[in-house]
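Right, one structure below, let's go through it.
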Amino acid sequence: MNRLSSRNRKVVYLVGMIVLLVPIIVLGMPAASGEGSGGYLARLRQEHDLGETSLGEVDPSSATMNLVLLGLRGVATNILWMQLQEQKETKQWFQMKATTDSITQLQPHFLKVWQYHGWNLAFNVSAEWDQVEDRYYWVKEGTKFTMQGSRRNERFPELYWDVGNMLGKKIGRSDEWQFFRRFYKSDPNTKLFEGGPDPEISRFGASEFEDNYLASKYWFHVANDKEESQAQHIMMRMVFRQYPARAQMDYADALQREGLFGERTGQAWAEAYRDWTEQYRTGDPGFGQEIFYTPAGGVRLEASEADMRELAKKDSVSLRDKRTWTSRYQDIVSYRYWRTRSDAESRGKTEAAHREIFEGQKLFREGRLLESKEMLEAGMEKFASLLEDYPSLTSDDGFIEEGLMAVLYWRHIHTLLEIPFPENFALRKLWEKEAARIPSLEIDFRRDNGIG
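Numbering (my numbering), first residue to last: 3 to 454.
Written as structure tokens, this is what we have:
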């Protein structure tokens, strides 16, 4: 029989509740704004970056904030996503950016949020604007947004790769690439940046950021460093790890597209060759020296016969299997082609061929037809010799189109000067082999030169 009175039982219950509250408070106290605040579990979440400790930058007067305060963070996020879609359809771009920021405050560690919104701003929203300066602004916004995501989620190599891809592909390969590359070095917002670059994007003063492709290479390097401890899930590992070297090649190629030839471009290609086959400037092994694992054990793309024999012995597989898998992996990333390309481009004869074709086309646009004809013929001769020395270059669309375009300029000069076409000319084999490409290239030729 319980001898405690009703009053005494209430006292016992109250004491028990107080005793139980102590460990609950110690363990579960929510974190305040300062680092290291809150209970034991909150500090663990901060230490290991496992949870959300803020309410996010949400409009305090909105229904969304009410849901957040009630603990319905997921419902609030869904509402913000619906608002975002509506703002996208009605082209309320700045409101959409604010909503995007709110979503990332509520879901800061959800990888796809950062990937989707960064891509959306840089690629989709930028395309909706007419002025190229406005397009560049939104490309920057998407890039900065993804940079912010990488700072909030340092373990995700995907976000670092996305930043590198935006700085390289979007700025350097889009239709507006000539403007974007110039804006990267001299931002169109002269009032804010005084004719210099946006330091958030270019890190003004850092040599590895002096060109958008070099900045891209830096971010790809960081992505590779992160990938060594945290697997990425966007592509095959070997494909993922090639990008720092490929960015160096893109940098050298961009210099050529802009008509910058000579020692600087040759050195850029030489460094690309070293990055691809030997060693990065940082001291890290070059792409071809890394070990990638296959069903036949580890393979190295830049492997001699002796290397493959040693790896085969180490992995207890046949030399034939090791050769087969090495060749397969080389094919996946076109390893042999890019090895040949970067080696060929670092040679003086290749540089001279590009330069003479470029100068010949420039002379044509200036109306100096005879000089243009001579320059183009010299470049075409060297270009034909180059293709004989490196036959694999005939598989590259850019190389093929450069050679065909040179012939188009040269033939048009003959038409203007009323000179008959010679039966034999440099690049005739390429002209006949790639005849199917000529109609579309001729359209480009006429458009670029204002010919009706």
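The beta-carbon is built from N, C-alpha and C at its ideal position, and this holds for glycine as well.
Cβ neighbours of Val-134 within its own chain (closer than 6 angstroms, five residues either side excluded): Glu-178, Phe-181. Along the region 283-330, the beta strand (DSSP E) occurs as fully enclosed runs of 3 or more residues at 293-296, 299-302, listed in sequence order. Judged by DSSP secondary structure, Lys-219 falls within the alpha helix (DSSP H) whose first and last residues are 214-229.
Within the DSSP secondary-structure output, Gln-281 pairs in a beta bridge with Pro-287.
A distance of 9 angstroms or more separates the beta carbons of Trp-278 and Arg-349. Distance from the CA atom of Arg-413 to the CA atom of Phe-423, rounded to whole angstroms, is 7 angstroms. By the Cβ-count criterion, Asn-451 is exposed, with fewer than 16 other Cβ atoms from all chains shown falling within 10 Å of its own Cβ.
For the set Lys-435, Leu-194, Glu-229, Leu-108, the Cα lying nearest the Cα of Glu-160 is the one of Glu-229. Of the other Cβ atoms in all chains shown, fewer than 16 fall within 10 Å of the Cβ of Glu-368; this residue is therefore exposed.
In the three-state scheme derived from DSSP, where H, G and I count as helix and E and B as strand, Val-335 is classed as coil.
Taking all protein chains in view, the Cβ of Asn-226 is crowded by 16 or more other Cβ atoms within 10 Å, so the residue is classified as buried. In the three-state scheme derived from DSSP, where H, G and I count as helix and E and B as strand, Arg-9 is classed as helix. By the Cβ rule, the region 388-400 does not count as touching the region 359-375, because fewer than three pairs are nearer than 8 angstroms. In the structure shown, the three-state DSSP call for Leu-108 is helix.
Taking 8 angstroms as the upper bound for CB-CB distance, Glu-353 and Phe-242 are not in contact here, some 31 angstroms apart.
Straight-line measurement puts the Cα of Val-165 at about 12 angstroms from the Cα of Arg-153. Counting along the chain, Gln-363 sits inside the alpha helix (DSSP H) bounded by residues 350-367. Under the three-state reduction of DSSP, Gly-452 is assigned to coil, being neither helix nor strand. Using a Cβ-Cβ distance cut-off of 8 angstroms, the region 323-337 and the region 291-300 are in contact, since at least three pairs of beta carbons, one from each stretch, lie closer than that value. Sequence-distant partners of His-223 (beyond 5 residues in either direction) whose C-beta falls short of 6 angstroms from its own C-beta, in its chain, are Pro-246.
Annotation: the continuous alpha helix (DSSP H) that includes Gln-150 extends over 134-154.
Leu-113 and Thr-79 have their alpha carbons spaced roughly 15 angstroms apart. Looking from the CA of Gln-244, the closest CA among Arg-302, Leu-429, Ala-355 belongs to Arg-302.
Judged by DSSP in its simplified three-state form, Tyr-392 adopts coil rather than helix or strand.
Contact annotation, Lys-384 with Lys-351: C-beta distance approximately 6 angstroms; criterion of less than 8 angstroms satisfied. Taking a C-beta distance under 9 angstroms as the contact criterion, Gly-362 and Ala-408 qualify as a contact pair. Secondary structure of Glu-178 (DSSP, three-state): coil. Close CB contacts of Glu-373 within its chain, under the 7 angstroms cut and outside five residues either way in sequence, are with Leu-365 (chain order). Judged by pairs of C-beta atoms under 8 angstroms, the region 167-176 touches the region 201-220, as three or more such pairs exist. Take Pro-287, set aside five residues on each side of it, and the residues of its chain with a beta-carbon closer than 7 angstroms to its own are Gln-281, in chain order.
For Met-98, same chain residues with a beta-carbon under 8 angstroms away, outside a window of 5 residues either side, are Leu-86, Gln-89, Lys-90, Val-127 in chain order. Apart from sequence neighbours up to five positions away, the residues of its chain that approach Trp-271 with a beta-carbon distance below 7 angstroms are Ala-254, Ser-344, Glu-347, Ser-348, ordered along the chain. Separation of Ala-437 and Glu-130 (C-alpha to C-alpha, rounded to the nearest whole angstrom) is 37 angstroms. Residue state for Thr-92 is assigned as coil, using DSSP reduced to three classes. The Cβ neighbour count for Val-21, taken over all protein chains shown within 10 Å, is under 16; the residue is labelled exposed.
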